[in-house]
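Trainee: This is the structure, below, for whatever I ask next.
Protein chains: 2
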Amino acid sequence: MADVKIEPMNRQYVLAKRPAGALQEGDFSWVESPTPPVGPGQALVRSIYLSLDPANRGWINDVPTYRPPVGLGEPMAGFVIGQVVASNRDDLAVGDLVEGDGGWQDYAIHGPDSAIYKLPPGDDLVARMSVRGVTGLTAYWGLLDIGEPKAGETVLVSAAAGAVGSIVGQIAKIKGCHVVGVAGTDEKCQWIVDELGFDKAINYKTENVMKALGQHCPDGIDVYFDNVGGEVLQAALFRMNQGGRMVCCGVVSQYDTATPAPGPHGLPGLLVVRRLRMEGFIVMDYADRRDQADRDLAGWVADGRLKYKVDIIDGLENAPKALIGLLHGENTGKRMIRVSGETV
Amino acid sequence: MADVKIEPMNRQYVLAKRPAGALQEGDFSWVESPTPPVGPGQALVRSIYLSLDPANRGWINDVPTYRPPVGLGEPMAGFVIGQVVASNRDDLAVGDLVEGDGGWQDYAIHGPDSAIYKLPPGDDLVARMSVRGVTGLTAYWGLLDIGEPKAGETVLVSAAAGAVGSIVGQIAKIKGCHVVGVAGTDEKCQWIVDELGFDKAINYKTENVMKALGQHCPDGIDVYFDNVGGEVLQAALFRMNQGGRMVCCGVVSQYDTATPAPGPHGLPGLLVVRRLRMEGFIVMDYADRRDQADRDLAGWVADGRLKYKVDIIDGLENAPKALIGLLHGENTGKRMIRVSGETV
Chain E
1 MADVKIEPMN RQYVLAKRPA GALQEGDFSW VESPTPPVGP GQALVRSIYL
51 SLDPANRGWI NDVPTYRPPV GLGEPMAGFV IGQVVASNRD DLAVGDLVEG
101 DGGWQDYAIH GPDSAIYKLP PGDDLVARMS VRGVTGLTAY WGLLDIGEPK
151 AGETVLVSAA AGAVGSIVGQ IAKIKGCHVV GVAGTDEKCQ WIVDELGFDK
201 AINYKTENVM KALGQHCPDG IDVYFDNVGG EVLQAALFRM NQGGRMVCCG
251 VVSQYDTATP APGPHGLPGL LVVRRLRMEG FIVMDYADRR DQADRDLAGW
301 VADGRLKYKV DIIDGLENAP KALIGLLHGE NTGKRMIRVS GETV
Chain G
1001 MADVKIEPMN RQYVLAKRPA GALQEGDFSW VESPTPPVGP GQALVRSIYL
1051 SLDPANRGWI NDVPTYRPPV GLGEPMAGFV IGQVVASNRD DLAVGDLVEG
1101 DGGWQDYAIH GPDSAIYKLP PGDDLVARMS VRGVTGLTAY WGLLDIGEPK
1151 AGETVLVSAA AGAVGSIVGQ IAKIKGCHVV GVAGTDEKCQ WIVDELGFDK
1201 AINYKTENVM KALGQHCPDG IDVYFDNVGG EVLQAALFRM NQGGRMVCCG
1251 VVSQYDTATP APGPHGLPGL LVVRRLRMEG FIVMDYADRR DQADRDLAGW
1301 VADGRLKYKV DIIDGLENAP KALIGLLHGE NTGKRMIRVS GETV
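Chains as they are written, first to last, in the numbering used here: chain E, 1 to 344; chain G, 1001 to 1344.
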């Protein structure tokens, strides 16, 4: 593996300007610059798959989230699975498969402080990018550690045909819950019920969500896994049972706008009278417990109880368009960019 | 104690109409009707102290809270400490001191299903109505069980000169926290700092709360004990530290209006990026753990670390006016009505 071809030029998307409202392709610029040399203590990683996530949109506003905003002129940040193509790091050898924040580019330098996670040789990279990676872990920890569902309880999931939501619902079924999903097309609704085993689905674009919740959650909602905020959160809040838990995972209805809506009506009053808990989390906080989650997720995939769908788009050049589409709900399952072939 | 004088007539305030916006005295009607006879399995309790609480306002809207709404023409509900004056219940004897929902009236019937709690003979009823009763228990469980403050953390309390808030802040000090209170007059602010030992106070009517929080909570806020909702909650939310807890106890800024404000901006997004927990509770849920709380509260009062102030208004006839005043922040410490003398 010592002789790996490294392209002389590194293709990148950098942040050209901060979006004014909805994200536009022109908010990014395509740049080609010499592939950086590998300094002491550094490794060079070639991107194979680039993850697209609704949270990406939050990283480019001019306010810190759980990370500092991407700077103007800097490569767009993004979660990447790639392969080490040159290394001056003791812990990484050429050929190693790794995941970490590689950004929207062909090659990324990872110094000693870069949070990077080594994958086993021959790993299934597509599964690692979806059900067994950050996506699956987000579903796993959010549902089980924050939501604490008990068998027989009702679990509602929004963006239920999305990468995280589709896994949340299936884990809730494995745990013996009544599971209802909210999605934006009839096809998505059919998929989560027919293929994934959700009990019921609600198309929020064509149905009255409050009314549909009354019908499909006859015993109320015990756990709401919220990927969207906005109107679905509002409706769910009014249907929560006493002692219910609302897992705040994402706010996709609010990311792509310059004028986010105020919080839902009934807050915080309903939290008091119904003793509700509303709690946010970030999957990175569970890094030290990854093995446990990974064993469960791999086991459920192996025995066929946990299915996943991926939506792979070829070519780094398509990243801006693909992210915009994701924010508009184009995808079913986990959307990612294939930046290059899987092996050197 | 067998021969106790029972007045032939029972004076009551009944709910005359549901408030349209801010509560008016005319929303209640004064009624005098024969004191009810005591049936099998029932006891008759004469009211001594009637508690006035912001939550009372929520009970008379036409929507259930943690209890059904008070019906039109029914006696207004209210927490009462009283004395048994006639009993056909095995567990209650004439002369017993009790607390429970007695309502705005001289005499209440308590059947076998009525949640009533017997107090020790010779109990300090004023302390029991405030620091050692529902008020103190609300502060205790909300702060310690939901807020989980650790020594060295910053705790913010709103309605800090109120019955609950004034106790929350003192318990937080006992637990070694940096404690900041928000109140509505300079006198209240001075009282909580000079007398109760809060570290800092903010007058939300004359100061910019966001700016004052930056100044008085230099390390951010770890626990926010929210009695008010609205603008103070909004400001606190933006100052919360990663992993912070927001204890939702009440929403006094929103009770007395027909047009409650929407929830704060930044929800649920900020809960996600800062991993915040926002959780409501009702003190009744802790009934089975009362002894533990009572031991702590009594100990702190006895050793002088926990002070309390009461605001006693004489005469049942003043209840509507006193509740309206409470909702407008007139009181410092625990407001209650003295309905009759302490002993039969």
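Every residue gets a Cβ at the ideal spot worked out from N, C-alpha and C, and that includes glycine. Bear in mind that the values here come from a model prediction, so they are computed numbers and not experimental data.
Based on Cα-Cα distance, which residue from G:A1160, G:C1217, G:P1260 lies nearest to R1239 (chain G)?
Mentor: Reading the second sequence from its first residue, position 239 is the one you call residue 1239 (chain G). The option with the nearest alpha carbon to R1239 (chain G) is G:C1217.
Trainee: So which residues on chain E does I1221 (chain G) lean against when the C-beta distance must stay under 7 Å?
Mentor: Against the second sequence, residue 1221 (chain G) aligns to sequence position 221. None at all; the shortest Cβ gap to chain E is about 15 Å.
Trainee: List, in chain order, every chain E residue whose beta-carbon is nearer than 7 Å to that of H1178 (chain G).
Mentor: In the second sequence, the residue the question calls residue 1178 (chain G) occupies position 178. The contacting residues do not exist; H1178 (chain G) stays about 23 Å from chain E at best.
Trainee: Can V1182 (chain G) and A1163 (chain G) be called in contact, C-beta distance under 8 Å?
Mentor: Mapped onto the second sequence, residue 1182 (chain G) falls at position 182. Mapped onto the second sequence, residue 1163 (chain G) falls at position 163. Going by C-beta atoms, V1182 (chain G) is not nearer than 8 Å to A1163 (chain G).
Trainee: With DSSP collapsed to three states, give me the class of A1093 (chain G).
Mentor: As a first step, residue 1093 (chain G) must be located in the second sequence, where it is residue number 93. Reduced to three states, the DSSP call for A1093 (chain G) is coil.
Trainee: Going straight from the alpha carbon of D1222 (chain G) to that of L1092 (chain G), what length do you get?
Mentor: Residue numbering aside, residue 1222 (chain G) sits at position 222 when the second sequence is read from its first letter. Residue numbering aside, residue 1092 (chain G) sits at position 92 when the second sequence is read from its first letter. The alpha-carbon atoms of D1222 (chain G) and L1092 (chain G) are separated by roughly 45 Å.
Trainee: Return the residue from the list G:L1196, G:K1188, G:I1337 that minimises the CA-CA distance to A1172 (chain G).
Mentor: Your numbering for residue 1172 (chain G) matches position 172 in the second sequence. With distances taken between Cα atoms, A1172 (chain G) lies closest to G:L1196.
Trainee: Which chain G residues sit within Cβ distance under 8 Å of Q254 (chain E)?
Mentor: Taking the first sequence and counting its residues from 1, the one referred to as residue 254 (chain E) is at position 254. What Q254 (chain E) touches in chain G: G1269.
Trainee: Mind checking the region 1208-1242 of chain G against chain E and listing, in chain order, the residues whose C-beta falls within less than 7 Å of any C-beta there?
Mentor: D1226, G1229, L1233
Trainee: Nearest chain G C-beta to V85 (chain E) closer than 8 Å, yes or no?
Mentor: Locating residue 85 (chain E) in the first sequence gives position 85, where the first residue counts as 1. With 8 Å as the cut-off, V85 (chain E) does not count as an interface residue toward chain G.
Trainee: For G1266 (chain G), which residues of its own chain have a beta-carbon under 7 Å away from its beta-carbon, when the five flanking residues on both sides are left out?
Mentor: The residue you call residue 1266 (chain G) lines up with position 266 of the second sequence. Excluding positions up to five away in sequence, the list reads L1237, F1238.
Trainee: Please confirm if L276 (chain E) has its CB atom under 8 Å from at least one CB of chain G.
Mentor: For the purposes of this step, residue 276 (chain E) is taken as the residue at position 276 of the first sequence. Yes, because at least one Cβ of chain G sits closer than 8 Å to the Cβ of L276 (chain E).
Trainee: Could you tell me how far apart the beta carbons of D288 (chain E) and Y140 (chain E) are, in whole angstroms, since I believe they sit closer than 8 Å?
Mentor: The residue given as residue 288 (chain E) occupies position 288 in the first sequence. The residue given as residue 140 (chain E) occupies position 140 in the first sequence. 14 Å between Cβ atoms; not a contact.
Trainee: I'd like the list of long-range same chain contacts for D186 (chain E), defined as Cβ closer than 7 Å, with 5 residues on each side in sequence excluded.
Mentor: What you label residue 186 (chain E) is simply residue 186 of the first sequence in a count that begins at 1. Same-chain partners within the cutoff: N203.
Trainee: Give me the Cα-Cα distance between A298 (chain E) and I60 (chain E), rounded to the nearest whole angstrom.
Mentor: As a first step, residue 298 (chain E) must be located in the first sequence, where it is residue number 298. As a first step, residue 60 (chain E) must be located in the first sequence, where it is residue number 60. Approximately 33 Å, taken between the alpha carbons.
Trainee: At 8 Å on the CB atoms, spell out the chain E contacts of I1282 (chain G), in chain order.
Mentor: If you number the second sequence from 1, residue 1282 (chain G) lands on position 282. Chain E residues near I1282 (chain G): V272, V273, R275.
Trainee: Any Cβ of chain E within less than 8 Å of the Cβ of E1099 (chain G)?
Mentor: On the second sequence, position 99 is the one that residue 1099 (chain G) refers to. It does not; no Cβ of chain E falls within 8 Å.
Trainee: Say whether chain E places a C-beta atom closer than 8 Å to the C-beta of M1001 (chain G).
Mentor: Position 1 of the second sequence, counting from 1, holds the residue named residue 1001 (chain G). In this predicted model, M1001 (chain G) has a pLDDT of only 49, less than 50, meaning its place in the structure is not dependable enough to derive any value.
Trainee: Mapping DSSP to helix, strand and coil, what is E1350 (chain G)?
Mentor: Residue coverage of chain G in this structure runs from 1001 to 1344, which leaves residue 1350 (chain G) outside it and unanswerable.
Trainee: Kindly indicate if chain G contains any beta-carbon less than 8 Å away from that of D285 (chain E).
Mentor: Translated into positions along the first sequence, residue 285 (chain E) becomes position 285. It does: the Cβ of D285 (chain E) has a partner Cβ on chain G nearer than 8 Å.
Trainee: Check H974 (chain G) in the structure and name its three-state DSSP category.
Mentor: No answer is possible for residue 974 (chain G): the residues shown for chain G start at 1001 and end at 1344.
Trainee: Cutting at 6 Å between CB atoms, please list the residues of its own chain near T135 (chain E), excluding the five before and the five after it.
Mentor: As a first step, residue 135 (chain E) is located in the first sequence; it is residue number 135 there, counting from the start. Result list for T135 (chain E): A163, V164, K334, in chain order.
Trainee: Distance, Cα to Cα, P264 (chain E) vs A1115 (chain G)?
Mentor: The residue you call residue 264 (chain E) lines up with position 264 of the first sequence. The residue you call residue 1115 (chain G) lines up with position 115 of the second sequence. Distance between the alpha carbons of P264 (chain E) and A1115 (chain G) is about 34 Å.
Trainee: Does any residue of chain E bring its CB to less than 8 Å from the CB of E1148 (chain G)?
Mentor: For the purposes of this step, residue 1148 (chain G) is identified with residue 148 of the second sequence, where counting begins at 1. No, no contact with chain E.
Trainee: Quick one, which residues of the region 138-171 of chain E are near chain G if we go by CB-CB under 7 Å, in chain order?
Mentor: none
Trainee: Applying the 10 Å Cβ sphere with the 16-neighbour rule, what's the burial state of Q1292 (chain G)?
Mentor: Counted from its first residue, the second sequence places residue 1292 (chain G) at position 292. With fewer than 16 Cβ atoms within 10 Å of its Cβ, Q1292 (chain G) is classed as exposed.
Trainee: Let me know if M1 (chain E) comes out buried or exposed under the rule of 16 or more other beta-carbons within 10 Å of its beta-carbon.
Mentor: Residue 1 (chain E) sits at position 1 when you count from the first residue of the first sequence. Note on M1 (chain E): pLDDT 49, under 50, position unreliable in the model; the coordinate value appears next. Flag for M1 (chain E) reads exposed.
Trainee: Say the cut is 7 Å; is the CB of A212 (chain E) nearer than that to a heavy atom of the ligand ZN?
Mentor: Here there are no bound small molecules, and the ligand ZN is not part of this structure.
Trainee: Using a Cβ-Cβ distance cut-off of 8 Å, determine whether Y1066 (chain G) contacts chain E.
Mentor: The sequence position of residue 1066 (chain G) within the second sequence is 66, counting from 1. Taking Cβ atoms only, chain E reaches closer than 8 Å to Y1066 (chain G), which makes this a yes.
Trainee: For M1 (chain E), does the three-state DSSP call read helix, strand or coil?
Mentor: Residue 1 (chain E) sits at position 1 when you count from the first residue of the first sequence. Residue placement at M1 (chain E) cannot be trusted, given a pLDDT of 49 that sits under 50; what the coordinates show is reported in the next sentence. In the structure shown, M1 (chain E) sits in coil (DSSP, three-state: anything other than H, G, I, E or B).
Trainee: Compile a chain-ordered list of the residues in the region 1012-1024 of chain G whose CB is closer than 7 Å to at least one CB of chain E.
Mentor: Listed in sequence order: no entries.
Trainee: Please state whether DSSP places M1210 (chain G) in a helix, a strand or coil.
Mentor: The residue you call residue 1210 (chain G) lines up with position 210 of the second sequence. M1210 (chain G): helix per DSSP, three-state reduction.
Trainee: Taking DSSP as the reference, what is the three-state secondary structure of S1051 (chain G)?
Mentor: One-based indexing of the second sequence puts residue 1051 (chain G) at position 51. S1051 (chain G) falls in the strand class under three-state DSSP.
Trainee: Using three-state DSSP, classify V1179 (chain G) as helix, strand or coil.
Mentor: Reading the second sequence from its first residue, position 179 is the one you call residue 1179 (chain G). DSSP places V1179 (chain G) in strand when its eight states are reduced to three.
Trainee: Provide the residue span of the alpha helix (DSSP H) that contains I6 (chain E), from first to last.
Mentor: Along the first sequence, one-based indexing puts residue 6 (chain E) at 6. Premise fails: I6 (chain E) is in no alpha helix (DSSP H) and is neither H nor E.
Trainee: Kindly indicate which three-state DSSP category M129 (chain E) falls into: helix, strand or coil?
Mentor: Working through the first sequence from its first residue, we reach residue 129 (chain E) at position 129. Looking at M129 (chain E) - three-state DSSP - the assignment turns out to be helix.
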